[in-house]
Amino acid sequence: GWVDNLIQAVVEINIMLPIFALAVMGYYLYGKNVWVVVGAIILFSILGVSTKNYRAAFLQVKESAYIEGARAYGAGNFRIIFRYLAPRIVPVMVPQLVAMVPGYVFLEATLAIFGASDAYIPTWGGVIYDAMQNGAFRGQYYWILEPIGLLMFTGLAFALVGFAADRVFNPRL
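Position one of the sequence shown corresponds to residue 187 (my numbering), numbered consecutively onward.
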């Protein structure tokens, strides 16, 4: 209906927006608070490409025979959504959400490296930024290599958790 069309229009507009540039702009316009930036990134990510994937999965499950059977015996929309659709879609959503975390970690680290992050919150990007400002380019390269290695290890850990969750939630794969 019209809600689906509205969500699709917002998603298509949101896909074209550069998230990194909007995050930097939000940081400098709305105060030097990393939580504002994180909130904006999450808001833009909610209505991103993954929404199209979830919609496709919902439409596929919606056309199943057991949904028709539920409608035939008089089940309401609320019951169909939470009793029949959600249990089929959550196994698809959870691994994708966990696998998206490294992208957010790297985005925050990139913002911090460019100085667009809260200096009082310890993050990998903040550590790398401090290392660059205090000696990484004056021969003490190990100040920057260790945090970069640990940042990559963090991304790898979340990716592996996402793959493991995918195997748990989708054993047929």
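Where a beta carbon is used, it is the ideal one built from N, C-alpha and C, also for glycine.
7 Å Cβ shell around residue i - same chain, five flanking residues per side excluded
i: Pro281; result: Gly348, Ala351, Asp352 and Phe355
Rounded distance between the beta-carbons of residue j and residue i, thought under 8 Å
i: Ala298; j: Thr309; result: 6 Å
i: Val222; j: Tyr216; result: 5 Å
i: Ile227; j: Leu293; result: 7 Å
i: Val197; j: Thr237; result: 5 Å
i: Gly311; j: Ala295; result: 3 Å
i: Leu233; j: Asn200; result: 5 Å
Residue of the options minimising C-alpha distance to residue i
i: Gln246; options: Arg274, Leu229, Arg257 and Tyr290; result: Arg274
i: Gln194; options: Ala305, Val235, Tyr328 and Ile266; result: Val235
i: Ala209; options: Ala242, Ala261, Gly225 and Ala305; result: Gly225
i: Phe206; options: Asn239, Gly187 and Ser231; result: Ser231
i: Ala242; options: Pro204, Ile199, Tyr327 and Leu271; result: Leu271
i: Tyr240; options: Pro277, Val291, Glu332 and Phe344; result: Pro277
i: Ala345; options: Leu229, Pro288 and Phe300; result: Pro288
i: Leu229; options: Tyr290, Tyr252 and Glu332; result: Tyr290
i: Phe268; options: Tyr327, Phe244, Met211 and Lys218; result: Phe244
Contacts around residue i, its chain only, beta-carbon distance under 8 Å, and the 5 residues preceding and following it disregarded
i: Ile330; result: Ile314, Ala317, Met318 and Ala322
i: Arg324; result: none
i: Ile253; result: Val247, Ile266, Tyr270 and Leu271
i: Arg257; result: Ile266
i: Glu332; result: none
i: Leu203; result: Phe230
Cβ neighbour criterion (16 or more within 10 Å) applied to residue i
i: Val220; result: buried
i: Pro357; result: exposed
i: Leu336; result: exposed
i: Gly260; result: exposed
i: Gly212; result: buried
request  = Run through the stretch 206-249 for me and flag every whole alpha helix (DSSP H) of 4 or more residues, listed as ranges in chain order.
outcome  = Runs of the alpha helix (DSSP H) spanning 4 or more residues and lying entirely within the stretch 206-249 occur at 220-232 and 235-248, in chain order.
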